[in-house]
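Each remark here refers to the structure printed beneath this line.
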Amino acid sequence: MGTVEGIRVSVDRGSTKLLNCLYRNVYSTSVTIAIVSAILKASNFALDRAVQALLNGDLVAFPTETVYGLGGDALNEKSIARIYKVKARPTNHPLIVHVSSIDKLDYWVSHLPEYALKLAESFWPGPMTLLLPKTKLVKEIITGGQDCIGIRVPNQPFTISLLKDFESQGGLGVVAPSANRFGKVSPTSASDVEEELEKYLDKNDLIIDGGLCQVGLESTIIDCRLSNPKILRPGAITKELIEIVARKDLMETEDEVEVRVSGLLKSHYSPKAKIFLHGSPNRGDGFIALNDVETPLGAIRLASPADTTHYAQILYRALRLADQMQIDKVFVVPPSGDGLSIAIYDRLIRASFE
Ligand code: TXA
Ligand code: MG
1 MGTVEGIRVS
11 VDRGSTKLLN
21 CLYRNVYSTS
31 VTIAIVSAIL
41 KASNFALDRA
51 VQALLNGDLV
61 AFPTETVYGL
71 GGDALNEKSI
81 ARIYKVKARP
91 TNHPLIVHVS
101 SIDKLDYWVS
111 HLPEYALKLA
121 ESFWPGPMTL
131 LLPKTKLVKE
141 IITGGQDCIG
151 IRVPNQPFTI
161 SLLKDFESQG
171 GLGVVAPSAN
181 RFGKVSPTSA
191 SDVEEELEKY
201 LDKNDLIIDG
211 GLCQVGLEST
221 IIDCRLSNPK
231 ILRPGAITKE
241 LIEIVARKDL
251 METEDEVEVR
261 VSGLLKSHYS
271 PKAKIFLHGS
281 PNRGDGFIAL
291 NDVETPLGAI
301 RLASPADTTH
311 YAQILYRALR
321 LADQMQIDKV
331 FVVPPSGDGL
341 SIAIYDRLIR
351 ASFE
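In our numbering, the protein residues as written are 1 to 354.
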């Protein structure tokens, strides 16, 4: 009997026939196939499968507007333990809970300060995570033993439906870190997730293909436990936007608040290639800059984004491309200015740190 292992299937409603046919052929020729997790195109069929997978305690990697998340039932300790294992993430680094709307905070959040309510009403669904005091019900395995919960309402049509349907069947939230191995570049497409995690997922886990992420960088994390908000991880919801909506000055980073955010580690979001923010590339080195910057002679252009928004959207793809092309050094000219440029610079500094 022949054995073919590790075959990955990508199915949507239209191709289930093909899959059945594949099964029949497989059995008639006595070949055993070990099918690892499937990639499903975002569709109603995928939605039903994904809700069921979450209810069964399996993992679902799903698209959000920021990056792809590796999701599991936030009340299922086995699912949560598997997320840590699949990511190889230390268990004292907490997970963000995803819910479908601001009305679903009660189980998780014990107190929502006035300014946090304004932020939530203005920016959810959207690329913003709030750190808020947690209720006693929230398990330590989610918060890494800290007294606060990280929570957000993502803005991606499939994922909002997934959360709503999951909640309608009794679920209270979905924990989802970015769907990459710990310390690595976050995935912004389903194939990135596959590249990162295929070896570690089980056959009942799913990867949902919702196309490229719109924002391309992880959510802004705002600590809302004190009198004024504090940005712990910059993102598409910028300092300027937060100050206008919260009607409060932001606390500066020097005003130390004891909280552990793995995205704040000096080295994070790292490709295999070494990233340089200064100096000039030699022949064969990678190069990333806005499209009005010329490519230095002999360098390999990895991305030419048209503006800052586009820069954020394709940065992680470009870093992955460098690894796929086995480029050892990548020289990057970050966009200047405030707003989203701050988040891009933050990720590049961490990606460049050894
Ligand atoms: O855009 C995003 O936020 C994506 C998508 C999937 O939602 N998620 C994401 O998750 O980036 P992750 O785990 O890769 O990064 C979340 C960061 C981590 O650094 C974690 O330590 C921090 O948020 N965090 C989560 N919950 C926290 C908590 N209760 N207290 C302190 N930090 C927390
Ligand atoms: Mg992450």
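Note that CB positions come from ideal geometry on N, CA and C, so glycine has one too.
All figures in this text were calculated on a predicted structure; none of them were measured in a lab.
- In this structure, residue 225 has its beta carbon at no less than 7 Å from each heavy atom of ligand 1.
- Judged by beta-carbon spacing, residue 181 lies within the 8 Å limit of residue 88, meaning their Cβ atoms are closer than that value.
- Taking C-beta atoms as the reference points, residue 228 and residue 209 fail to come closer than 8 Å.
- Bridge pairing for residue 133: 148 [DSSP].
- Judged by DSSP secondary structure, residue 40 falls within the beta strand (DSSP E) whose first and last residues are 38-41.
- Contact check for residue 46 and residue 54: beta-carbon distance about 12 Å, past the 8 Å limit, so the pair fails to qualify.
- The stretch 103-120 and the stretch 190-203 do not touch, with fewer than 3 CB-CB distances between them shorter than 8 Å.
- By the 16-neighbour rule on beta-carbons within 10 angstroms, residue 127 is buried.
- Under the DSSP definition of a beta bridge, residue 184 partners with 270.
- The three-state reading of DSSP puts residue 158 in helix, counting H, G and I together.
- Looking only at 207, 168, 156 and 232, the smallest Cα-Cα distance to residue 215 is reached by 156.
- A Cβ-Cβ separation of about 6 Å places residue 175 in contact with residue 97 under the 8 Å criterion.
- Excluding residues up to 5 positions away in sequence, 291 lie with their Cβ nearer than 6 Å to the Cβ of residue 304 in the same chain.
- Around the C-beta of residue 158, 16 or more other C-beta atoms lie within 10 Å, and the residue is accordingly described as buried.
- Excluding five sequence positions before and after residue 352, the CB atoms of its chain that fall closer than 7 Å to its own CB belong to 275, 276 and 277, given in chain order.
- Closest option to residue 327, judged by alpha-carbon separation, among 284, 336 and 90: 284.
- In the three-state reduction of the DSSP assignment, residue 329 falls in the strand class.
- With a cut-off of 7 Å, the C-beta of residue 218 is classified as near ligand 2, since at least one heavy atom of the ligand falls inside that distance.
- Between the alpha carbons of residue 302 and residue 333 lies a distance of about 12 Å.
- Between the beta-carbon of residue 340 and that of residue 295 there is about 23 Å, and that puts the pair past the 8 Å contact cut.
- In this structure, the alpha-carbon of residue 242 lies about 16 Å from that of residue 218.
- Here the alpha carbons of residue 64 and residue 325 stand approximately 27 Å from one another.
- Annotation: the continuous beta strand (DSSP E) that includes residue 221 extends over 220-223.
- Each residue's CA atom was taken as its position, placing residue 94 and residue 173 some 15 Å apart.
- Taking the Cβ of residue 46 as the reference point, every heavy atom of ligand 1 lies at 7 Å or farther away.
- In this structure, the straight-line span from the alpha carbon of residue 239 to that of residue 152 is close to 18 Å.
- Take residue 58, set aside five residues on each side of it, and the residues of its chain with a beta-carbon closer than 6 Å to its own are 204 and 205, in chain order.
- Following the DSSP letters along the chain, one finds residue 80 inside the alpha helix (DSSP H) bounded by residues 77-87.
- Ligand 2 approaches residue 186 closely enough that one of its heavy atoms is under 7 Å from the residue's Cβ.
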